[in-house]
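Engineer: Could you have a look at this structure, given as structure tokens, before my questions?
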Amino acid sequence: MMKRFSKEERSWMLYDWANSAYSVIIMTAVFPLFFKAAAAENGVSAADSTAYLGYTIAAATFILAMLGPVLGTIADYKGCKKRFFAFFFLIGVAGTAALALIPGESWMLLLICYTISTIGFAGSNVFYDAFLVDVAAKERMNMVSARGFGLGYIGSTIPFLLSIAVILSAQAEVIPLSAQAAGRIAFLITAAWWGLFSIPLLLRVRQRYYIEREPRLVISSFKRLAGTLKQIRKHRALFLFLLAYFFYIDGVGTIITMSTSYGADLGISAANLLIVLFVTQVVAAPFSILYGRLAERFKGKTMLYAGIGVYMLVCTYAYFMDSAFDFWVLAMLVATSQGGIQALSRSYFAKLVPKQNANEFFGFYNIFGKFASIIGPLLIAVTAQLTGNSSAAVFSLILLFVIGIAILAFVPEETA
Numbered sequence: 015m016m017k018r019f020s021k022e023e024r025s026w027m028l029y030d031w032a033n034s035a036y037s038v039i040i041m042t043a044v045f046p047l048f049f050k051a052a053a054a055e056n057g058v059s060a061a062d063s064t065a066y067l068g069y070t071i072a073a074a075t076f077i078l079a080m081l082g083p084v085l086g087t088i089a090d091y092k093g094c095k096k097r098f099f100a101f102f103f104l105i106g107v108a109g110t111a112a113l114a115l116i117p118g119e120s121w122m123l124l125l126i127c128y129t130i131s132t133i134g135f136a137g138s139n140v141f142y143d144a145f146l147v148d149v150a151a152k153e154r155m156n157m158v159s160a161r162g163f164g165l166g167y168i169g170s171t172i173p174f175l176l177s178i179a180v181i182l183s184a185q186a187e188v189i190p191l192s193a194q195a196a197g198r199i200a201f202l203i204t205a206a207w208w209g210l211f212s213i214p215l216l217l218r219v220r221q222r223y224y225i226e227r228e229p230r231l232v233i234s235s236f237k238r239l240a241g242t243l244k245q246i247r248k249h250r251a252l253f254l255f256l257l258a259y260f261f262y263i264d265g266v267g268t269i270i271t272m273s274t275s276y277g278a279d280l281g282i283s284a285a286n287l288l289i290v291l292f293v294t295q296v297v298a299a300p301f302s303i304l305y306g307r308l309a310e311r312f313k314g315k316t317m318l319y320a321g322i323g324v325y326m327l328v329c330t331y332a333y334f335m336d337s338a339f340d341f342w343v344l345a346m347l348v349a350t351s352q353g354g355i356q357a358l359s360r361s362y363f364a365k366l367v368p369k370q371n372a373n374e375f376f377g378f379y380n381i382f383g384k385f386a387s388i389i390g391p392l393l394i395a396v397t398a399q400l401t402g403n404s405s406a407a408v409f410s411l412i413l414l415f416v417i418g419i420a421i422l423a424f425v426p427e428e429t430a
């Protein structure tokens, strides 16, 4: 299966395999539970610990959204892309490993290290995404991007399964470890996995498209950044796609990040939520690859329509959800499309941007994705307060998908 891809393509895709462990174990599953337990032991209320974690995520997101385009513009210069990638990647791995070394009573220090690791994770992704134009020809981007997401889901299940095994064994007293120690082992597993499988990209992938360096690099970068803003406004396809992406990816991200809260509201235990999340990752892997193959036949834009349509179905089904079985159905529906819609969005955008300016354009792509994560949670919060119904709050997200698919329809077909 992997023989169809070049060494550079395989090395690039392996980074999805490597860093997906972070997105599952640190961002979604283990760290939030670990932090809340540590905060509770130090007298911090559940509401306050949730708020502190939310503020931390918001701060990291804001920093990344502001830095993304500037760093991307500088990294477009010859020899800079991999250096910036390596810098953020190393920050992310070091920050993740450091989480395992912080005493439980230092819960504020946990948040600081989490912020550092998140900046490293998301910052490296800006440059990783932009490397797609260097490793794959335009006609192969859908397939390569989708296979990367598929490998990411598969890759995340292995360290996640190891982490679940350690944590559940500690809880059942099968192994002589506290729950806190088991969580620390999960952090070390994540850092080791991320670091090890990133080596092929560092060794084999190179920057093929670039701009020659100029004197006064930073000042020149800001001038080019202003020029990029003008280009985005002039390029109708780019502007419309980013606008559509802003709305529909907000819905996707909100559903992913709020999924454990939905499950908890239905009375599903933390252990069972981890199992649901694990199965979701397993199911998502082949569907991500399938989206890539179908995009070759039906075009990327058509498959984006399909993915958005599935998410509209998810929002509708969530309105009637009232049991653990319904949650399983919802999770499986999400699994069929969450990887595909993200992979094809990445490759679709990569086809639209000038290759030599890929980093600065992906910096804006990153901004739209980051700031989009504000609207969805706000929409859920307002709807929940007005209706007193969490199911209605989830259903309200359908508005984001409707707006997104409507704008996407105006992106010129020939550019896809």
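Numbering (the working numbering), first residue to last: 15 to 430. No residue lacks a Cβ here, since even glycine has one placed at the ideal position from N, Cα and C.
1) Could you compute how far the alpha carbon of Leu288 sits from the alpha carbon of Ile39?
2) Flag this pair as touching only if the region 66-75 and the region 129-137 have three or more C-beta atom pairs under 8 angstroms; answer yes or no.
3) What residues are listed by DSSP as bridge partners for Ile225?
4) Tell me the rounded alpha-carbon separation between Ala420 and Phe261.
5) Keeping to the same chain, check which residues put their C-beta closer than 7 angstroms to that of Trp342; ignore five residues upstream and five downstream.
6) Less than 7 angstroms between C-beta atoms, sequence neighbours within five positions excluded: which residues of the same chain meet that for Glu55?
7) Considering only residues of the same chain and omitting the five flanking positions on each side of Ser177, which have a CB-CB separation below 7 angstroms?
8) Which one of Gly267, Pro426 and Leu210 has the shortest CA to CA distance from Asn33?
9) Could you tell me the alpha carbon to alpha carbon distance between Leu422 and Phe363, rounded to whole angstroms?
10) By Cβ distance below 8 angstroms, which residues in the same chain neighbour Ala193 in space, the five residues on each side in sequence not counted?
11) What is the rounded straight-line gap between the Cα of Gly164 and the Cα of Ser63?
12) Checking 8 angstroms against the spacing of the C-beta atoms, do Ile394 and Thr294 come in under that value?
13) Determine the DSSP secondary structure at Leu165, reduced to helix, strand or coil.
14) In whole angstroms, give me the CA-to-CA distance for Ala258 and Gly418.
15) Would the beta-carbon of Leu280 fall within 8 angstroms of that of Ser212?
16) How many Å lie between Ile470 and Ile389 at the Cα?
17) Quick test of your reading: Ala251 and Ala298, contact by CB under 8 angstroms. State the CB separation rounded to the nearest angstrom.
18) How big is the Cα-Cα spacing for Trp26 and Thr401?
19) How far does the alpha helix (DSSP H) with Met317 in it reach, from first residue to last?
20) Mapping the DSSP letters down to three states, classify Arg220 as helix, strand or coil.
21) Quick check on DSSP: helix, strand or coil for Thr116?
22) Quick one: give me the first and last residue of the alpha helix (DSSP H) that Ile355 is part of.
23) In the structure shown, what three-state DSSP assignment does Gly109 receive?
24) Out of Phe409, Val425, Leu28 and Ala320, state which residue places its alpha-carbon closest to the alpha-carbon of Leu217.
25) So which of Glu226, Pro173 and Thr75 has the shortest CA-CA distance to Thr87?
26) My understanding is that Ser361 touches Ser159, with C-beta atoms under 8 angstroms, so please give their C-beta distance in whole angstroms.
27) Going by alpha carbons, who is nearest to Leu254 out of Leu392, Ser359 and Leu347?
28) Which same chain residues end up closer than 6 angstroms to Val107 when comparing Cβ atoms and leaving out the 5 residues on each side of it in sequence?
29) Which of helix, strand or coil does DSSP assign to Ile421?
30) Looking only at its own chain, which residues have a Cβ that is under 6 angstroms from the Cβ of Gly134, when we skip the five neighbours before and after it?
31) Spatial neighbours of Ala89 within its chain, please: C-beta separation below 7 angstroms, excluding the five flanking residues on both sides.
32) Excluding the 5 residues flanking Ile270 on each side, which residues of the same chain have their C-beta closer than 7 angstroms to its C-beta?
33) Just to confirm before moving on: does the CB-CB distance between Lys315 and Val425 stay below 8 angstroms?
34) I need the DSSP call for Gly281, collapsed to helix, strand or coil.
35) Report buried or exposed for Ala285, applying the criterion of at least 16 other Cβ atoms within 10 angstroms of its Cβ.
Structural biologist: Based on what the coordinates show:
1) The sequence position of residue 288 within the sequence shown is 274, counting from 1. The sequence position of residue 39 within the sequence shown is 25, counting from 1. Approximately 10 angstroms between the Cα atoms of the pair.
2) yes
3) Translated into the one-based positions of the sequence shown, residue 225 becomes position 211. BP columns for Ile225 point to Tyr91.
4) Position 406 of the sequence shown, counted from the first residue, corresponds to residue 420. Position 247 of the sequence shown, counted from the first residue, corresponds to residue 261. If you take the alpha carbons of Ala420 and Phe261, they lie about 10 angstroms apart.
5) What you label residue 342 is simply residue 328 of the sequence shown in a count that begins at 1. Contacts found: Val290.
6) Working through the sequence shown from its first residue, we reach residue 55 at position 41. So the qualifying residues of the chain are Gly118.
7) Stepping through the sequence shown from its first residue, residue 177 is reached at position 163. Excluding residues within five positions, the ones whose Cβ falls inside 7 angstroms are Ile39, Val44, Ala200 and Ile203.
8) Here residue 33 corresponds to residue number 19 of the sequence shown, with the count starting at 1. Asn33 has its Cα closest to that of Leu210, out of Gly267, Pro426 and Leu210.
9) For the purposes of this step, residue 422 is taken as the residue at position 408 of the sequence shown. For the purposes of this step, residue 363 is taken as the residue at position 349 of the sequence shown. Spanning the two alpha carbons is a distance of roughly 12 angstroms.
10) For the purposes of this step, residue 193 is taken as the residue at position 179 of the sequence shown. Ala51, Ile181, Ala184 and Gln185.
11) On the sequence shown, residue 164 is found 150 positions in, with the first residue counted as 1. On the sequence shown, residue 63 is found 49 positions in, with the first residue counted as 1. Those two C-alpha atoms are separated by around 34 angstroms.
12) Position 380 of the sequence shown, counted from the first residue, corresponds to residue 394. Position 280 of the sequence shown, counted from the first residue, corresponds to residue 294. Not a contact, by the Cβ cut-off of 8 angstroms.
13) Walking along the sequence shown from the start, residue 165 turns up at place 151. Helix.
14) In the sequence shown, counting from the first residue as 1, residue 258 sits at position 244. In the sequence shown, counting from the first residue as 1, residue 418 sits at position 404. Spanning the two alpha carbons is a distance of roughly 4 angstroms.
15) Position 266 of the sequence shown, counting from 1, holds the residue named residue 280. Position 198 of the sequence shown, counting from 1, holds the residue named residue 212. No, they are not a contact pair.
16) Residue 470 lies beyond the stretch modelled for the chain, which goes from 15 to 430, so this question has no answer here.
17) Numbered from its first residue, the sequence shown carries residue 251 at position 237. Numbered from its first residue, the sequence shown carries residue 298 at position 284. Contact doesn't hold; Cβ gap of about 29 angstroms is too wide.
18) The residue you call residue 26 lines up with position 12 of the sequence shown. The residue you call residue 401 lines up with position 387 of the sequence shown. Looking at the two C-alpha atoms, the distance is approximately 46 angstroms.
19) On the sequence shown, position 303 is the one that residue 317 refers to. Counting along the chain, the alpha helix (DSSP H) containing Met317 begins and ends at Gly314 to Tyr333.
20) Along the sequence shown, one-based indexing puts residue 220 at 206. Looking at Arg220 - three-state DSSP - the assignment turns out to be coil, as it is neither helix nor strand.
21) Translated into positions along the sequence shown, residue 116 becomes position 102. Going by the sequence as given, residue 116 is Ile instead of Thr. Ile116 falls in the coil class under three-state DSSP.
22) Along the sequence shown, read from residue 1 onward, the residue named residue 355 stands at position 341. Looking at the DSSP string, the run of the alpha helix (DSSP H) that includes Ile355 is Ala338 to Leu366.
23) As a first step, residue 109 must be located in the sequence shown, where it is residue number 95. Helix, per DSSP.
24) Numbered from 1 along the sequence shown, position 203 holds the residue referred to as residue 217. Taking only the C-alpha atoms, the option nearest Leu217 is Leu28.
25) Position 73 of the sequence shown, counting from 1, holds the residue named residue 87. If we check each option's Cα against that of Thr87, Glu226 comes out closest.
26) Reading the sequence shown from its first residue, position 347 is the one you call residue 361. Reading the sequence shown from its first residue, position 145 is the one you call residue 159. Indeed, because the Cβ distance is near 4 angstroms, the residues count as touching under 8 angstroms.
27) For this step, residue 254 is matched to residue 240 along the sequence shown. Comparing Cα-Cα distances from Leu254 to each of Leu392, Ser359 and Leu347, the minimum goes to Ser359.
28) Locating residue 107 in the sequence shown gives position 93, where the first residue counts as 1. Result list for Val107: Ala205, Trp208 and Gly209, in chain order.
29) Translated into positions along the sequence shown, residue 421 becomes position 407. DSSP places Ile421 in helix when its eight states are reduced to three.
30) As a working note, residue 134 is residue 120 in the sequence shown. Cβ neighbours of Gly134 beyond the five flanking positions: Phe102, Ile105, Gly106 and Gly109.
31) Mapped onto the sequence shown, residue 89 falls at position 75. Lys95, Phe98, Phe141 and Asn373.
32) Taking the sequence shown and counting its residues from 1, one reaches residue 270 at position 256. Same-chain partners within the cutoff: Gln352.
33) If you number the sequence shown from 1, residue 315 lands on position 301. If you number the sequence shown from 1, residue 425 lands on position 411. Yes; because the gap between Cβ atoms is below 8 angstroms, this pair is in contact.
34) Working through the sequence shown from its first residue, we reach residue 281 at position 267. Coil.
35) Translated into positions along the sequence shown, residue 285 becomes position 271. Exposed, because fewer than 16 other Cβ atoms sit within 10 Å of the Cβ of Ala285.
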